[in-house]
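Peer 1: Numbering (the UniProt record's numbering), first residue to last: 1 to 228.
Cβ coordinates follow ideal geometry from the N, Cα and C atoms, glycine included.
Model, not experiment: these values are computed from the prediction.
#1: Here's a check: name, in chain order, each residue in its chain whose Cβ is nearer than 6 Å to the Cβ of residue 188, leaving out the five neighbours to either side.
#2: Could you please give the first and the last residue of the uninterrupted alpha helix (DSSP H) stretch that includes residue 216?
#3: Assign residue 57 to one of three DSSP states: helix, strand, or coil.
#4: Alpha carbons only, please: which of 213, 218 and 207 is nearest the one belonging to residue 143?
#5: Report the CB separation of residue 139 from residue 210 in whole angstroms; it is logged as a contact under 8 Å.
#6: Once the 5 residues before and after residue 278 are set aside, which same chain residues still bring their CB inside 7 Å of it?
#7: In terms of alpha-carbon separation, which member of 75, 101 and 80 lies closest to residue 167?
#8: With 16 as the cutoff for other CB atoms within 10 Å, does residue 63 come out buried or exposed?
#9: Near residue 72, what residues of its chain come up, given a Cβ to Cβ distance below 6 Å and the 5 sequence neighbours on each side ignored?
#10: What do you reckon, are the CB atoms on residue 105 and residue 159 nearer than 8 Å?
#11: Can you check whether the CB of residue 225 is closer than 8 Å to the CB of residue 79?
#12: Would you give the residue range spanned by the alpha helix (DSSP H) that residue 140 belongs to?
#13: Classify residue 98: buried if its beta carbon has 16 or more other beta carbons within 10 angstroms, exposed otherwise.
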């Protein structure tokens, strides 16, 4: 039997299968059936199913950027307290916020140091990331349903008030005026972290154990804003 006959036989079998599947007793839902591709080679039929999930490789770059920007805005609003109730945003996380706020705080605190600018930037940036990693590990070890990266996202977004304090310290040279602003920013950051971690799955009975070292870390950053 030739290869052409094999291919024809395969198509006849396939036609019979399709007729049986489309019988009145077995309706076929064409709208929800996954797309298929038929490949016939060497007398054998191979069926391929296309992936119909969340593939974003073919979407425009602008669509990807706008989606990330919108998520960044939602997470920031949720973290700093402008959304007062628990929403689906509390289950989302990314690391853009921690990275951006860490970079901005390091740049602002080292911008007027002249030749020591690069060294100071490296030290502050490293201290923030090491502090974040250590504190997030403590939060994860306390239990709950929150993941490590989710906790890192919340504590990173909570740096936003301290960024305000750092910018204010660049605009005002009097330390007596910097002190209350920095203290308010520290308490605001700690409140944001407590609220976000509570929504994200940290056990309420262990929230204080999670927030206490985090508050000390934020206080150290606030003190840097005063002395800068």
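Peer 2: Once the coordinates are examined:
#1: On the chain shown, position 188 is the one that residue 188 refers to. Correct list, in chain order: 161.
#2: As a working note, residue 216 is residue 216 in the chain shown. Segment 207–227, the alpha helix (DSSP H) holding residue 216.
#3: The residue given as residue 57 occupies position 57 in the chain shown. In the structure shown, residue 57 sits in coil (DSSP, three-state: anything other than H, G, I, E or B).
#4: On the chain shown, residue 143 is found 143 positions in, with the first residue counted as 1. Nearest of 213, 218 and 207 to residue 143, Cα basis: 207.
#5: Counting from 1 along the chain shown, the entry for residue 139 is found at position 139. Counting from 1 along the chain shown, the entry for residue 210 is found at position 210. Rounded, the Cβ-Cβ distance is 5 Å, consistent with contact.
#6: Only positions 1 to 228 of the chain appear in this structure, which leaves residue 278 out of reach.
#7: Working through the chain shown from its first residue, we reach residue 167 at position 167. Cα-wise, what sits closest to residue 167 is 101.
#8: For the purposes of this step, residue 63 is taken as the residue at position 63 of the chain shown. The residue is exposed, with fewer than 16 neighbouring Cβ atoms inside 10 Å.
#9: Residue numbering aside, residue 72 sits at position 72 when the chain shown is read from its first letter. 96.
#10: The residue given as residue 105 occupies position 105 in the chain shown. The residue given as residue 159 occupies position 159 in the chain shown. Against a cut-off of 8 Å, the Cβ pair of residue 159 and residue 105 comes out as a contact.
#11: Walking along the chain shown from the start, residue 79 turns up at place 79. Walking along the chain shown from the start, residue 225 turns up at place 225. Not closer than 8 Å, so no.
#12: The residue given as residue 140 occupies position 140 in the chain shown. Counting along the chain, the alpha helix (DSSP H) containing residue 140 begins and ends at 117–141.
#13: As a working note, residue 98 is residue 98 in the chain shown. Here residue 98 is buried, its C-beta having at least 16 other C-beta atoms within 10 Å.
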